[in-house]
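Mapping of the sequence shown onto the numbering used here: position 61 corresponds to residue 112, and the numbering continues sequentially without gaps. Cβ coordinates follow ideal geometry from the N, Cα and C atoms, glycine included. Have a look at the structure below, then the notes.
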Amino acid sequence: MPRDVKRRTVDEEGSALCAPLLSSVRDFLSFLSIEKGSSDLTVRSYAADLEDYVAFLDSEGVHAARDVTRDALASYVADLSGRGYAAASIERHVSALKGFHAFLVRDGLVASDPACALPLPGVPARLPDVLSIDQVNTLLDQEFREGPLGVRNACALELLYGCGLRASELSGLDAGDVFLDEGILRIVGKGSRERIVPIGGSAARCLASYLEDARPLLRSPRRLTPAVMLNARGGRLSRQSIHSIVREAGHVIGIKDLHPHTLRHSFATHLLEGGADLRAIQEMLGHSDISTTQIYTHVDRTHVREEYLSAHPRAKAAF
């Protein structure tokens, strides 16, 4: 969302008029958090989006869910666009609206769902950023700082790329989730869904070294935690700290604003380029829908075309 976009808020008078609607929003957010297992970030985003939505309805004189019409929803989407929201932000708002109104129908609070036919705005598919294999090797083989923190940082990068983990999944990894003898990790991903991820030679060696030599030095007797990745005070390494580790490691080798997800994207793309089955990659990434994984086939097609243009004797001829 652009910084100059101003969210709507419900004033005191509107809060009184929209009290039942706001109560339903709170119930929906609890449903997302407790029953659906949505992440805190998702719940906070939906909370802000739905407060903005209720404030818009209040400005239009709509104070009850049963009075919301398709026209009101369409007007709200147009209002978002008019305030300068990007297509991706509008898409998230619409997803929040669809989920909220479906929840109201499910709980019998309204008879019909005016949002069911609300189209999602078209958001151009953006191919993920991917490192080359040479860049990955340079990143992972660089000289890290001495001591346990350097070993930890090297291990974090190896796991992000070697296992395709999200930063939140690496942060949440516990000692009981590591099975080095079997060559697997148990990962708790989005929606608290568990999956088993293989861990290969380089990442496994790095993790074993960290667990044996570095993690014991970072542990604090006052802060016993099952977390694998520890901070300097012996607590669980946060997602934000993992972002910083990746960004700083990228900066050392001249890659600006390197993101943990870039390593995850590179993991998937390099597997696909190496001939891995798309379904297997889907399972390793923890995607619930194969269509999410299929974006990597577009990246792979780009790679294939580049290889063709560079290698085929007649591909470079002018068209």
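If you ignore the 5 residues before and after GLN193, its C-beta comes within less than 8 Å of the C-beta of ALA300, VAL303 and ILE304, all in its own chain and listed in chain order.
The C-alpha of LEU73 lies about 51 Å from the C-alpha of ASN188. Boundaries around GLU324 are those of the alpha helix (DSSP H), 311-324, since no beta strand (DSSP E) includes it. In the three-state scheme derived from DSSP, where H, G and I count as helix and E and B as strand, ALA166 is classed as coil.
Where ILE293 is concerned, the enclosing alpha helix (DSSP H) starts and stops at 290-303. Residue pairing for GLU245: DSSP places it in a beta bridge opposite VAL239. Annotation for ASP103: the continuous alpha helix (DSSP H) segment containing it runs 91-110. Under DSSP, the beta-bridge partners assigned to PHE230 are ILE235.
Between the C-alpha atoms of ASP118 and SER81 there is a straight-line separation of about 23 Å. In this structure ALA67 is exposed. Its beta-carbon is surrounded by fewer than 16 other beta-carbon atoms within 10 angstroms. If you check the CB distance, LEU211 and MET280 do not come in under 8 Å. With a cutoff of 8 Å on beta-carbon distance, THR313 and TYR347 are scored as not near each other. Remark: three or more beta-carbon pairs, one from each stretch, lie closer than 8 Å, so the segment 200-207 and the segment 265-281 are flagged as touching. A Cβ-Cβ contact shorter than 8 Å links VAL113 with ALA123. Taken through DSSP and simplified to helix, strand or coil, LEU221 comes out as helix. With respect to the 8 Å criterion, PHE107 and ASP130 are classified as neighbours on the basis of their beta carbons. Cβ-Cβ distances below 8 Å link VAL156 to ALA162, SER163 and ASP164 in the same chain, with the five nearest sequence neighbours on each side left out; the list follows chain order. Under DSSP, ALA278 shares a beta bridge with ASP225. For THR344, the enclosing alpha helix (DSSP H) starts and ends at 341-344. If you check the CB distance, CYS257 and LEU236 do not come in under 8 Å. Contact between ALA168 and HIS152 is absent: CB atoms are separated by about 11 Å, not below the 8 Å threshold. Per DSSP, the unbroken alpha helix (DSSP H) holding LYS149 starts and ends at 138-157. Of the candidates ILE332, ALA327, LEU323 and ILE306, ILE306 places its Cα closest to the Cα of LEU182. By the C-beta criterion, the segment 237-256 is judged not to be in contact with the segment 285-295, since fewer than 3 inter-stretch pairs fall below 8 Å.
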